[in-house]
Amino acid sequence: MDLISIVLPVFNSEKFIFKSIKSILNQTYKHIELIIINDASTDNSEKIILKFKDKRIKYIKNKFNLGEQKTTNVGLKLCKGKYISIMHSDDIAHKNKIEEQTNYLNKNKNIFLVGTSYNIIDENEKIIKIVNKKITPKKINKKILKGKNIICHPTIMFRKEKINYRSKIYYCPDLDLYLRLIKKNKKIAILNKVLLNYRVHFNQISISKKYKQNLFKKITLEINNGERKYKLFNPQKILNINEKKLDYKEQIIYHYLYKNPKKIRDNYIKYIYKEKKIDKYLFYYLYSYLINIYILFRNNKRIYF
60 MDLISIVLPV FNSEKFIFKS IKSILNQTYK HIELIIINDA STDNSEKIIL
110 KFKDKRIKYI KNKFNLGEQK TTNVGLKLCK GKYISIMHSD DIAHKNKIEE
160 QTNYLNKNKN IFLVGTSYNI IDENEKIIKI VNKKITPKKI NKKILKGKNI
210 ICHPTIMFRK EKINYRSKIY YCPDLDLYLR LIKKNKKIAI LNKVLLNYRV
260 HFNQISISKK YKQNLFKKIT LEINNGERKY KLFNPQKILN INEKKLDYKE
310 QIIYHYLYKN PKKIRDNYIK YIYKEKKIDK YLFYYLYSYL INIYILFRNN
360 KRIYF
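For the sequence shown, my numbering begins at 60 and goes up steadily by one.
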């Protein structure tokens with residue numbers, strides 16, 4: 060039986076870390092090593108982790124907070140398994156997850172990385188949505204190359220190879236990883252089986268954060284398409300953005316991303332008044348009315364503008 064490595068970065072996860080670890084240790088596939096890297100947590104995460112006496116656990120604690128990407132890289136360097144699985148500290152793996160993915164990679168030598176279908180759960184473990192993927196590796200590649208991150212990161216397992224996450228990609232580092240793998244002609248697959256409960260903290264995603272996530276996604280695509288150099292990329296320029304100080308064009312895009320039709324129109328009028336020309340931003344102005352139509356149609360109301 061081959062050894063399988065599971066990398067679990069942890070930062071201030073006292074609320075969920077116990078169930079996350081337990082779900083890995085209770086796998087039907089027993090020959091595993093669980094590498095837990097504590098990224099200098101300030102809560103009770105360490106106390107909870109140390110309660111587990113399982114010899115399969117390797118525990119490392121960072122002296123300083125390194126961030127999720129660098130912390131995951133610390134774990135990757137320690138892996139001894141044939142395959143490596145990534146786990147998040149607030150998610151729950153189904154008991155047959157490791158076994159199913161290991162069997163799949165053993166049988167499909169041409170596949171480098173495999174994800175799975177999953178449940179989206181809330182903080183109380185209520186299932187919000189079942190995301191069941193039935194898609195070919197070819198279609199997966201096409202979607203990823205277009206910037207559509209269709210693989211749930213904590214579902215992945217891949218063959219052991221020199222792999223790392225790029226620390227400047229604060230958001231969507233997994234998309235960046237998949238893009239780099241595709242450039243190396245590595246095939247990616249998704250199992251049509253639900254094997255993970257993926258926890259989403261709905262109240263923690265601010266509009267500001269979403270805006271920055273989209274900018275990181277755009278730049279990630281540009282870097283992988285050769286339009287921008289990673290070494291010259293300064294992520295602080297995005298992280299320091301104050302959305303209240305964006306110019307009219309940026310405000311139009313900002314509110315387009317978050318479907319705020321009135322704000323799109325308000326900023327477009329100001330933009331036209333300032334620039335005194337009609338250009339591609341007219342699309343967003345017209346689109347704002349389609350948003351209204353959709354919302355009102357969905358709510359079965361009469362349409363007013």
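Yeah, the Cβ is synthetic: ideal placement off N, Cα and C, and Gly gets one too. All values reported here derive from a predicted model rather than from experimental measurement.
Environment of residue i [buried if 16+ CB atoms lie within 10 Å]
| i | result |
| --- | --- |
| Gln295 | exposed |
| Thr131 | buried |
| Met146 | buried |
| Leu93 | buried |
| Lys360 | At Lys360 the pLDDT is 43, less than 50, meaning the model places this residue with poor confidence and gives no usable figure here. |
| Lys197 | exposed |
| Gly140 | buried |
| Cys138 | buried |
| Glu334 | exposed |
| Glu127 | buried |
| Ser79 | buried |
| Asn326 | buried |
| Tyr344 | buried |
| Thr101 | exposed |
| Lys192 | buried |
| Val142 | The residue asked about is misnamed: residue 142 is Tyr in this sequence, not Val. By the neighbour-count rule (16 or more Cβ atoms within 10 Å), Tyr142 is buried. |
| Phe123 | exposed |
| Asn183 | exposed |
| Tyr363 | Reliability fails at Tyr363, whose pLDDT of 37 lies under 50, so the model's placement of it is uncertain and the value that follows must be treated cautiously. By the 10 Å Cβ count, Tyr363 comes out exposed. |
| Leu349 | exposed |
| Phe217 | buried |
| Asp338 | exposed |
| Lys245 | buried |
| Leu291 | exposed |
| Tyr340 | buried |
| Ile189 | exposed |
Rounded Cβ spacing between residue i and residue j (contact assumed at less than 8 Å)
| i | j | result |
| --- | --- | --- |
| Thr195 | Lys154 | The Cβ separation is near 28 Å, so there is no contact. |
| Val133 | Ile95 | The pair is not a contact, with the Cβ atoms about 11 Å apart (cut-off 8 Å). |
| Asp233 | Asn208 | 7 Å |
| Ile215 | Ser144 | 7 Å |
| Ile63 | Ile157 | 6 Å |
| Ile300 | Tyr289 | Not confirmed; about 20 Å, so no contact. |
| Ile65 | Ile108 | In fact, because the Cβ distance is near 14 Å, the residues do not count as touching under 8 Å. |
| Val259 | Ile179 | 5 Å |
| Lys120 | Glu105 | 7 Å |
| Asp98 | Leu135 | With a Cβ gap of about 14 Å, Asp98 and Leu135 do not count as contacting. |
Beta-bridge pairing of residue i - partner residues as DSSP gives them
| i | result |
| --- | --- |
| Met146 | In the DSSP output, where bridge partners are listed per residue, Met146 has none listed. |
| Val173 | Met216 and Ala248 |
| Asn97 | Val69 and Lys120 |
| Arg287 | Paired residue(s): none; Arg287 is not in a bridge. |
| Arg258 | Ile180 |
| Lys365 | Residue 365 is absent from the structure shown; the chain starts at 60 and stops at 364. |
| Ile300 | BP columns for Ile300 are empty, so no partner. |
| Ile282 | Looking at the DSSP assignment, Ile282 forms no beta bridge with any residue, so it has no partner. |
| Ile151 | Asn256 |
8 Å Cβ cutoff met for residue i and residue j
| i | j | result |
| --- | --- | --- |
| Ile323 | Tyr315 | yes |
| Leu238 | Ile203 | yes |
| Leu255 | Thr175 | yes |
| Tyr330 | Ile311 | yes |
| Asp113 | Leu84 | yes |
| Tyr229 | Phe275 | yes |
| Cys211 | Tyr257 | yes |
| Ile91 | Phe171 | no |
| Lys74 | Ser226 | no |
| Leu298 | Lys268 | no |
| Val253 | Tyr307 | no |
| Ile241 | Asn200 | yes |
(message) If we require 3 or more residues per run, which beta strand (DSSP E) segments fall completely within the region 211-256?
(response) 216-218
(message) Just to confirm the assignment: which complete beta strand (DSSP E) runs, minimum length 3, are found wholly within the region 63-94?
(response) 63-69
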